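Taken in sequence, the protein lines are chains A and B.
Our numbering applies: residue 281 is where the first sequence begins, and numbers increase by one.
Our numbering applies: residue 83 is where the second sequence begins, and numbers increase by one.
What follows is one structure encoded as structure tokens, with my remarks underneath.
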Amino acid sequence: MSAQVFAFLRRPAEPHDWSAQELAEFYRVESALIQAGLRVVSGRGLTDEGEPWFVFCRAEDDEVVIHFARIGGRYLISAPAYCGTATGHDFRALVRDMIERHPVLRPRPKGDNLFFHPMALLVVLVTSAFLKSGRAAGAAPAKAATGEAITWKHRGATPVGGRRRGQRQERSTKR
Amino acid sequence: MYGNPQRLNHTNVQDLRREGGRWLKERRERLGLSQRQLAERVGAEYYTFISQLETGRGRIPPDRYNDWARALEMRSRDFVRELLRYYDPITHSILFEQDARSEGARRR
């Protein structure tokens, strides 16, 4: 009996499109990047097995800078600029992990207890992939190139947990 | 990334990529391959990349052209020639269309 229940629990999820919430997050990221002055476009689709993917591309030449997908219930993030692909069941943890593994994305001073809203982390990840992808820096206005105003202050991207009272969010975005 | 800045506007680039994606899909389907099978043949790390290309987003890296040609059972030069039509129309036109036009004129 218990073996049957276990087998049922382990059954892989049926492929399905991004949820409305997931799509809303992607589009909020796109909007944040555009407001920051980056020329970015997005695209999405389903594979022939019905599994979803989502990409952010440079608008001027349509080159893909970062690819998100969900394959067999696992999330996947791949960006040529990071020379690698990361997969996992927890999307937010995956984004966080990718940023941790690429400290150039967000310098983390020792003892820093500053935390970011997950949406803000996604913006950091995509922006960095975009800027690292090459010509974007030249194509983007100065405010994007300097990391200023990457929209932490709007779109509800406020940090949660551990933020010191009165601390400005932009602190960790500036080099 | 493989940049190839041409003086095409974004709509033109997107239209060409979409057309190229349709061509790739048609070739794959003609061989009865799923996107996952094609991904395995070309050594793509994740098969959603195939779907992405077939939708007209991004492009096949030049260092994979030979793998793709083999996977789609084409001669590399024929594969690249067709792909250039969508990825690099200016070069394609100079190399092939102008040649074909002058050849036609010479024959007349």
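Note that CB positions come from ideal geometry on N, CA and C, so glycine has one too.
In this text, all values refer to a predicted model and were calculated from it rather than measured experimentally.
Cβ contact (3+ pairs, closer than 8 Å) linking the stretch 117-129 of chain B and the stretch 315-326 of chain A:
no
How about Ile379 of chain A and Thr367 of chain A: do their beta carbons lie closer than 9 Å?
no
Say whether the stretch 352-359 of chain A touches the stretch 369-378 of chain A, bearing in mind that this needs 3 or more beta-carbon pairs closer than 8 Å, one atom from each stretch.
yes
Bridge-paired residues (DSSP) for Ser322 of chain A:
A:Phe336
Quick check on the burial criterion: 16 or more other C-beta atoms within 10 angstroms. Buried or exposed for Arg381 of chain A?
exposed
Give a yes or no on contact between the stretch 161-168 of chain B and the stretch 123-134 of chain B, applying the rule of three or more CB pairs nearer than 8 Å.
no
If you check the beta carbons only, do Thr407 of chain A and Leu303 of chain A fall under 9 Å apart?
no
Min CB distance Ala366 of chain A to chain B below 9 Å
no
When DSSP builds the beta bridges, which residues end up paired with Ile346 of chain A?
A:Phe336
Could you spell out where the alpha helix (DSSP H) holding Ser311 of chain A opens and where it closes?
Ala300 to Gln315
Proximity of Leu345 of chain A and Pro360 of chain A at Cβ, strictly below 9 Å:
Here residue 345 of chain A turns out to be Val, not Leu, going by the sequence shown. Yes, they are a contact pair.
Under 9 Å, Cβ to Cβ, is there at least one residue of chain B near Ser358 of chain A?
yes
Measuring only the C-alpha atoms, how far is Ala400 of chain A from Asp370 of chain A?
16 Å
In this structure, what does DSSP give as the bridge partners for Ala359 of chain A?
A:Gly364
Could you tell me whether any Cβ in chain B is nearer than 9 Å to the Cβ of Thr407 of chain A?
no
According to the Cβ coordinates, are Thr130 of chain B and Ala349 of chain A closer than 9 Å?
yes
Where does Ile351 of chain A fall in DSSP's three states?
strand
Residues of the stretch 109-130 of chain B with a CB closer than 8 Å to any CB of chain A: list them in chain order, please.
Ser116, Gln117, Arg118, Glu127, Tyr128, Tyr129 and Thr130
Consult DSSP for Asn94 of chain B and reduce its assignment to one of helix, strand or coil.
helix
Closest to His296 of chain A by C-alpha separation, out of A:Thr327, A:Arg338, A:Gly323 and A:Tyr307, would be which residue?
A:Thr327
Any beta carbon of chain B sitting closer than 9 Å to that of His347 of chain A?
yes
C-alpha distance - Glu179 of chain B paired with Glu101 of chain B, whole-angstrom precision
18 Å
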